[in-house]
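Data block below; observations after.
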Amino acid sequence: MEFNPTASNELYFVQDPDPALNQGSSLLAFVDLAKSKGYELVATTTTNAFFVVAEEYVQFRIDDNSIDAMHEVYMDMQICQGYDGSIHAAGHLWLNWHQVPLAQEDFQMLPSGLRRFPDSTCRPSGSDESD
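In this note's numbering, each residue carries its 1-based index in the sequence shown increased by 2.
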């Protein structure tokens, strides 16, 4: 099964069932689906997961087929939000299939003047006092 290599092992993402979409479901979603249908994960590449029927799994002599034991992610991105409304991204900041680099400012949803903690009485350095 081909999965989206930019999804972390913790991200559960299932692409909507629309043939016009090209997003790619996460490995975690495929592992969950496979287990529900009686299959076990036995190997991964950067973009593919290999499963066997559960009855045959013992023949592979794999002690731990958890997603973290079986797959190392090379292209994931982590995102978090600051208390002030800023968005912080780390990891693989690149749109792979479009060859476009991403910058921190690309993730910001609020203009810089609004990025402050709502209850804060302090102004960020460099802000205009007349706001």
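Backbone N, C-alpha and C fix where the C-beta goes; we use that ideal spot for every residue, glycine too.
Straight-line CA distance for residue i to residue j?
i           : j           : result
residue 114 : residue 3   : 42 angstroms
residue 109 : residue 10  : 18 angstroms
residue 36  : residue 21  : 21 angstroms
residue 119 : residue 53  : 47 angstroms
residue 70  : residue 51  : 13 angstroms
residue 12  : residue 27  : 12 angstroms
residue 23  : residue 98  : 16 angstroms
residue 90  : residue 106 : 7 angstroms
Given residue i, which residues of its chain have a CB within under 6 angstroms of its CB, disregarding the five upstream and five downstream residues?
i          : result
residue 7  : 48, 49 and 77
residue 25 : 17
residue 44 : 52, 54 and 62
residue 33 : 43 and 69
For residue i, count neighbouring Cβ atoms within 10 angstroms of its own Cβ and tell me buried if that reaches 16, exposed if not.
i           : result
residue 123 : exposed
residue 57  : exposed
residue 100 : exposed
residue 14  : exposed
residue 29  : buried
residue 133 : With a pLDDT of 47 at residue 133, under the threshold of 50, the modelled position of that residue is not reliable, and the figure given next carries that caveat. Its Cβ having fewer than 16 others within 10 Å, residue 133 is exposed.
Please work out which residues of its chain come closer than 7 angstroms, Cβ to Cβ, to residue i, disregarding the five sequence neighbours upstream and downstream, and give them in chain order.
i          : result
residue 95 : 79, 103 and 104
residue 31 : 14, 15 and 16
Take residue i and list the residues in its own chain whose beta-carbon comes closer than 8 angstroms to its own, dropping the five residues that flank it on each side.
i           : result
residue 117 : 84, 86, 87, 88, 110 and 126
Check whether the stretch 83-93 touches the stretch 57-70, counting contact only when three or more Cβ pairs, one atom from each stretch, lie closer than 8 angstroms.
In short, these stretches do not touch, since the Cβ pair count stays below three.
Which full runs of the beta strand (DSSP E) of 3+ residues lie inside the stretch 67-104, going along the chain?
Entirely contained in the stretch 67-104, the beta strand (DSSP E) runs reaching 3 residues are, in chain order, 79-83 and 89-93.
Can you check the stretch 13-65 for any alpha helix (DSSP H) of at least 4 residues that lies completely inside it and give the ranges in chain order?
Runs found: 29-38.
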